[in-house]
Every structure is written in C-alpha cells, then in structure tokens.
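**Q**
Structure follows, in structure tokens:
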C-alpha cells in the first residue's frame, strides 16, 4: 500500500488547504483504497522556540505588520542570505527533521511549504535515496527562492512566472510542470444554475450577488467595503463571510442595509457560495483567487501581502480578470464599471471570460495523479529490490 507524506505547516491557511485538496483528490482517484496520505506540520515537529509557534505568529504579522513581512521576503531572497539561512536551518532543525523522516516512513515525500524543500530533500537522499521527493509550490506568481531545490524529483507550479523562476534557480525544465494551484476538488463540479444557488442561500435572483470574504479570521476593512457596496446605487445583493470574527458578524448582522445583505461566520461550503455569486471581493491569497477563477468570477482584490502576493495582483489585473480595489471608494468605482442600473455591462462579460481562461479547477486531480504514479513506482521498485536481495 503506497504511503505519501505531505510536509506542510499552518503558517497561513494556504499550505494546509493545498495539502488537503491533494489528499482529497487522491481519495477521489483511489477507488480501491490502495493509498494512504499523511499530513504533517513539520514546523511544530522540528523548529526550536520561538519558531515552533510560527503558525500563531504568522497571521498577526501579515495582518498588522505586512510591510515588515514583505521586507523579510525581499531580504531573504538573495543567494548569499539564502545559503546562510539554509545552512542554519540544516544545523538547527536538521537532526529533528531526520528523526521525523525516520519516524514517518513513506514511499513519497511531498513538500507544500517553502521551508521544507532543500533541507528535508537532502536528508531524505541520505537516509532513503530510493524515496522520491516532490515540491508542490502553493504560491502563484511571486514565489520565494526557498521554494526551489534542483534535487527534487518533480516541482509542480501554478503559473508560467513560477516556472520561469524555477528555471532561473537551476531546476531542470524536465522536472517542472505547470499544473495550477491545487484547490478543493468540489470546484471541478460547481452547479451552473446561479438563480437556483441564490435561492438556496435566500438571496434575490434578480440582482447580481457580491461575495465579500475576509479570510478565516474575518480580517480587513469588511465593514467599510460592505457599506460602499450597499450605497453604490446599483441593483446588487451582498453576502459577507466574516470568518471567526464573531463581533464583526454580529455588528453587520444588525445593521440596516440599503440592499439585501446576508452575513455569515466561518463556512465550509465556499464552493457553493461562489457558485451563487457574480463577483468575488477578497484579499490576494492564492488559494481564494484560484477558487474565484474556477467559479468564473471577476475578482476585486482588497489587499495583499507585500512580496509574496504582489505578483498575484499583477496576474489577475493584467489578465483583465479583476481589479485592485484597496479602498471602499475603489470598490464603488470598479462596481460601476461592471454594472449599471440594468445589470452587468460588457466589461463584466470580459472579466468573466478572462477568469475562465486563467482557471485550473482540475489542478488537485492533476497533482494527485502525478503523486500516485510516483509513489506506486517507488513502492514497486522497493518490492522488486527486496525480491532480488532474497
């Protein structure tokens, strides 16, 4: 039975979400239940204090000091700095990583985090050279060099820009594949009946519905954006996902709005909500952007993390799939480009078509197929070698 180990960390929701999307895709393809998949937070297992708490530090850092995070992204990109940091990481965390890889034997090891690439890859080559090591890059465009290790057996990326970065950093072209970013497999089978989906959520069917998302923690100026949408004078409805921010959810739920507004907390049915929506308003997180594209939604981007998400903004806007709308006034202006009193304008149709061109809803399935083939091949070779040794 092939076993796949995925190294991830809860530094932001994107790494775990991609890992779970791959896990679910393997489950979808594995109709004979022949594969097992293990997700492991390597930072909790191998980092020393205070870095073992990076998962708790990351979210406040990017929400309240994103400029500092962006500065760190750029400062750690040059080769001399990367070389020193990688050597330090290997010295400090290497012994724990070796114990982790021995404790969790697998037929394939997969990294979905930039801090678990070259160090575990080299250790694996030493202790179990027959086991393939694969990197699935879960950033879209502006990918940090830490993502890439030329010794990996395969590197799966989401965009041409990410592929070009990998090539410049010495990864062989034969080992790079553009697969798209793995997202929930449910985005492959979205209902295409928007009126029916709107009714399912109690939203009017004669108005365009905007989906405003603040992430799992409900961060950002959601209230300001919601008020701008409600006062735009356009025939719209609005669904606000406030995440775990219960105080915000209660406040918005008791507000008197000029248009139909529904406010909810953390949800697990985002694919169906996006299927009901006509526009997505969100930050520039790669997973959410790719989900919106899979739902063929024009996207308004209300914020981004300097460094790692700057390219995401450029990718969406230069391909005409959305707009950068950092303020409530920006959202109002952008809305009047996509809609008038009668409904969607030709610009809306253009943005929707652009979103469909960029979308890769099958990415998780594609990656899962590649990983299953690699794991099966590795297990078969191990079994054959065992027979020869006898």
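Numbering (my numbering), first residue to last: 828 to 1217.
Don't be surprised by glycine CBs; every beta carbon is placed ideally from N, CA and C.
Our contact map puts residue 973 next to residue 941 with C-beta atoms below 8 Å; I'd like the distance itself, whole angstroms only.
**A** Between residue 941 and residue 973 the Cβ distance is about 4 Å, and since that is below 8 Å, they are a contact.
**Q** So, is the C-beta of residue 1141 closer than 9 Å to a C-beta in chain C?
**A** Absent from the structure: chain C. Only one protein chain is present.
**Q** Write down the C-beta distance between residue 1127 and residue 1158 rounded to the nearest angstrom, noting that I regard them as a contact closer than 8 Å.
**A** The pair is a contact, with the Cβ atoms about 6 Å apart (cut-off 8 Å).
**Q** In terms of DSSP beta bridges, what is residue 1188 paired with?
**A** Answer is none; residue 1188 lacks a bridge partner.
**Q** What is the residue span of the beta strand (DSSP E) that residue 868 lies within?
**A** It spans 863–868 - the beta strand (DSSP E) in which residue 868 sits, taken as one unbroken run.
**Q** Quick one: grab the DSSP three-state call for residue 1130.
**A** Here residue 1130 sits in coil by DSSP.
**Q** Report the partner residues of residue 981 according to the DSSP bridge assignment.
**A** Paired residues: 961.
**Q** Under a Cβ-count criterion, where at least 16 other Cβ atoms within 10 Å of its own Cβ denotes burial, should residue 959 be classed as buried or exposed?
**A** When all chains shown are included, residue 959 counts as buried.
**Q** With a 10 Å radius around its C-beta and 16 neighbouring C-beta atoms as the bar for buried, classify residue 1000 as buried or exposed.
**A** Classification of residue 1000: exposed, given that the 10 Å Cβ count is below 16.
**Q** If you run the structure through DSSP and keep just helix, strand and coil, what is residue 1045?
**A** Residue placement at residue 1045 is poorly supported in this model, since its pLDDT is 47, which falls under 50; the coordinates still yield a value, given next. The answer is coil: DSSP assigns residue 1045 none of H, G, I, E or B.
**Q** Runs of 4 residues minimum, wholly inside the segment 995–1083: which ones carry the alpha helix (DSSP H) assignment?
**A** As far as the segment 995–1083 is concerned, its whole alpha helix (DSSP H) runs of at least 4 residues are 1021–1027, 1049–1057 and 1073–1080.
**Q** Under three-state DSSP, which class holds residue 1089?
**A** Reduced to three states, the DSSP call for residue 1089 is strand.
**Q** Does DSSP classify residue 1171 as helix, strand or coil?
**A** If DSSP states are grouped into helix, strand and coil, residue 1171 belongs with the strands.
**Q** For residue 1100, report the span of its alpha helix (DSSP H) as first-last.
**A** First-last of the alpha helix (DSSP H) with residue 1100: 1097–1103.
**Q** For residue 1045, does the count of other Cβ atoms within 10 angstroms reach 16, so buried, or fall short, so exposed?
**A** Low confidence applies here, because residue 1045 scores a pLDDT of 47, under 50, leaving its location unreliable and the question unanswered by this model.
**Q** In angstroms with no decimal places, state the Cα-to-Cα distance between residue 1100 and residue 994.
**A** Taking the straight line joining both Cα atoms gives about 38 Å.
**Q** Per DSSP, residue 1194 is paired with what?
**A** None, per the DSSP bridge assignment.
**Q** Report the three-state DSSP secondary structure of residue 828 (helix, strand or coil).
**A** Reduced to three states, the DSSP call for residue 828 is coil.
**Q** Starting from the C-beta of residue 1206, find all residues in its chain whose C-beta is less than 6 Å away, skip the five residues before and the five after it, and write them out in chain order.
**A** The residues are 829 and 934.
**Q** In this structure, how does DSSP classify residue 1139 when only helix, strand and coil are distinguished?
**A** Helix.
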